[in-house]
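Numbered by the numbering used here, the letters in the sequence shown go through residues 1 to 347 in order.
Here's the structure, in structure tokens; my notes come after.
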Amino acid sequence: MMRAMQLDRPGAPLRMVERPLPEPGPGELLIEIAACGICRTDLHIADGDLPGPLPIIPGHEIVGRVAKLGPNLTPLPLGEREGPAAERREGEGSAFALGDRVGVPWLGRTCGHCPYCRAQRENLCDDPLFTGFTRDGGFASHCIADARYCFPIPDAFGDVEAAPLLCAGLIGWRAFEMAGEGEALGLYGFGAAAHILAQVAAARGRRVHAFTRTGDEAGQAFARSLGCASAQGSDAAPREPLDAAIIFAPDGALVPQALKHVKKGGRVVCGGIHMSDIPSFPYADLWGERAILSVANLTRADGEEFLAVAAETKVKTKTTVFPLEQANEALDLLRAGKIEGAAVLVP
Ligand SMILES: [Zn+2]
Ligand SMILES: [Zn+2]
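The following block contains the structure:
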């Protein structure tokens with residue numbers, strides 16, 4: 001049997017359910033879950049900001065071990081499992097064997113033939129499956145995942161530590177790459193994603209300016225402790241003009257606010273899947289080739305690149321662990337902004 005915290009309808013608390021262990025289909029893995037991070041997207045799904053199929057088991061920052069391979073999967077020989085990711089994507093076999101540690105991200109499957117997939121932009125696939133949103137995810141003891149979309153996890157990270165890397169880390173990395181090369185980088189909203197990206201950006205010589213909820217002294221001290229050059233309330237001006245800003249908080253009012261502090265040619269990158277409406281602002285604030293962009297999902301290439309970067313940077317994730325049964329309490333704390341770093345569920 002498997003246990004899971006299931007969402008029956010938006011706004012209702014998740015409910016503990018037990019069901020028979022699912023069988024992996026062709027190309028799939030059954031994974032015994034060791035840890036699953038909680039992402040703000042899970043909150044948007046639970047609260048009904050992002051309507052999807054129901055009932056659903058949320059969770060898309062999954063670390064676990066392969067418990068069973070689908071009927072057509074034969075593990076590659078040990079030596080070859082370390083090889084290029086392309087083998088895992090296109091090969092007949094699986095890059096994983098029984099007992100291997102894997103990470104399951106938000107991108108659960110893509111169609112492989114739409115114009116976006118063919119253009120190496122699978123994050124924008126027209127017919128995707130998303131873990132914990134359109135297919136059952138990791139707030140559970142077990143899950144099923146498509147082997148081609150799972151990642152090996154670097155040995156440097158424990159199960160709990162690694163979980164937040166799989167979305168907060170990855171999406172932060174994609175947003176960072178879209179933000180450009182400038183040295184002065186603003187991060188609006190200092191939660192799971194920003195606390196990882198701040199470490200990566202500072203290690204690359206960027207001056208990171210963190211913006212938290214106004215008056216959140218503890219959050220600002222936390223940001224400084226991770227290498228941020230400054231930390232202040234989101235309504236304050238940074239101490240230098242920004243080359244780029246990344247917004248992780250779901251507050252649309254931060255977009256024009258950040259734009260005011262970005263230099264000519266700079267970018268404001270929105271890293272969340274859902275935001276409140278963006279208030280109107282004078283065109284003069286956008287003029288000068290400033291740009292506002294959103295980051296959507298991830299590609300497998302992003303994941304492979306980022307996990308290597310995270311290990312090389314020796315990223316330390318700050319986590320608060322909750323037993324699976326306490327998923328609702330953890331979501332409430334996240335909603336209230338009371339989690340420093342990332343919340344992680346352990347079955
Ligand atoms: Zn596609
Ligand atoms: Zn996420």
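Every residue gets a Cβ at the ideal spot worked out from N, C-alpha and C, and that includes glycine.
Here the structure is a predicted model, which means the values were calculated and not measured.
Mind reading off the beta-carbon distance from residue i to residue j? Whole number of angstroms is fine, and I expect it under 8 Å.
i, j, result
"F151", "L29", "Actually they do not touch by this definition, with Cβ atoms about 12 Å apart."
"G132", "G59", "4 Å"
"H142", "L21", "6 Å"
"I144", "L331", "About 23 Å; that fails the 8 Å criterion."
"G227", "I196", "Not a contact, Cβ separation roughly 12 Å."
"W106", "F139", "Going by Cβ atoms, the distance from W106 to F139 rounds to 14 Å, so no, they are not a contact pair."
"I339", "L333", "5 Å"
"D45", "G103", "Sequence inspection shows Ile at residue 45; the Asp mentioned does not correspond to that position. The Cβ separation is near 20 Å, so there is no contact."
"G32", "R65", "It should be pointed out that residue 32 corresponds to Glu in this sequence rather than to Gly. With a Cβ gap of about 5 Å, E32 and R65 count as contacting."
"A34", "D126", "So it is not a contact: roughly 33 Å between Cβ atoms."
"G27", "D136", "Wrong, their Cβ atoms sit about 16 Å apart, outside the cutoff."
"A229", "R207", "4 Å"
What residue does the beta strand (DSSP E) around residue i start on, and which one ends it?
i, result
"I292", "291 to 294"
"F322", "319 to 323"
"R335", "It is not in any beta strand (DSSP E) - R335 instead sits in the alpha helix (DSSP H) that spans 327 to 335."
"L69", "62 to 69"
"A343", "342 to 346"
Would you give the residue range spanned by the alpha helix (DSSP H) that residue i belongs to?
i, result
"F306", "300 to 313"
"G25", "Counting along the chain, G25 falls outside any alpha helix (DSSP H), and DSSP gives it neither H nor E."
"L170", "168 to 178"
Quick one: is the Cβ of residue i within less than 7 Å of any heavy atom of ligand 4?
i, result
"G108", "Ligand 4 is not part of this structure, which contains only ligand 1 and ligand 2."
* Asked: Which residues have a Cβ closer than 5 Å to any heavy atom of ligand 1, listed in chain order?
  -> Going by the Cβ distance cut-off, the answer is T110, C111, C114, C117, C125.
* Curious, which full-length beta strand (DSSP E) runs of at least 3 residues does the stretch 189 to 218 contain? -> The qualifying runs are 207 to 212.
* the stretch 92 to 104 contacting the stretch 169 to 179, beta-carbon criterion three pairs below 8 Å -> Contact fails: fewer than three Cβ-Cβ distances are below 8 Å.
* Asked: In chain order, which continuous runs of the alpha helix (DSSP H) of length 4 or greater are located wholly inside the stretch 92 to 163?
  -> For secondary structure counted as the alpha helix (DSSP H) over 4 or more consecutive residues, the stretch 92 to 163 holds these complete runs in sequence order: 115 to 118, 159 to 162.
* To do: Measuring from each Cβ to the nearest heavy atom of ligand 2, keep the ones under 5 Å and list them in chain order.
  => Qualifying residues, in the order they occur: C39, T41, C167.
* Would you call the stretch 229 to 248 and the stretch 258 to 274 touching, i.e. three or more CB-CB distances under 8 Å? -> Because the criterion of three Cβ pairs below 8 Å is met, the stretch 229 to 248 and the stretch 258 to 274 touch.
* Secondary structure, alpha helix (DSSP H): runs of 4+ residues fully inside the stretch 7 to 48 -> Runs of the alpha helix (DSSP H) inside the stretch 7 to 48: 40 to 47.
* Uninterrupted beta strand (DSSP E) stretches inside the stretch 232 to 261 (no shorter than 3 residues) -> Within the stretch 232 to 261, the runs of beta strand (DSSP E) at least 3 residues long that lie entirely inside it are, in chain order, 242 to 247.
* So, do the stretch 205 to 217 and the stretch 183 to 190 have three or more beta carbon pairs nearer to each other than 8 Å? -> Contact holds: three or more Cβ-Cβ distances are below 8 Å.
* Touch check for the stretch 291 to 303 and the stretch 114 to 125: three-plus C-beta pairs under 8 Å? -> Verdict: yes, contact present.
* Between the stretch 274 to 291 and the stretch 250 to 258, are three or more C-beta pairs nearer than 8 Å? -> As far as the Cβ criterion goes, the stretch 274 to 291 touches the stretch 250 to 258, which means the pair count is three or higher.
* **the stretch 1 to 14 in contact with the stretch 307 to 322 per 3-pair CB rule at 8 Å** => Too few Cβ pairs lie closer than 8 Å, so no.
* Asked: Is the stretch 152 to 166 touching the stretch 48 to 63 in the sense that three or more CB pairs, one from each, lie closer than 8 Å?
  -> Taking one beta carbon from each stretch, the stretch 48 to 63 and the stretch 152 to 166 have 3 or more pairs nearer than 8 Å; the two touch.
* Is the number of C-beta pairs between the stretch 237 to 244 and the stretch 191 to 200 that are closer than 8 Å three or more? -> As far as the Cβ criterion goes, the stretch 237 to 244 does not touch the stretch 191 to 200, which means the pair count is below three.
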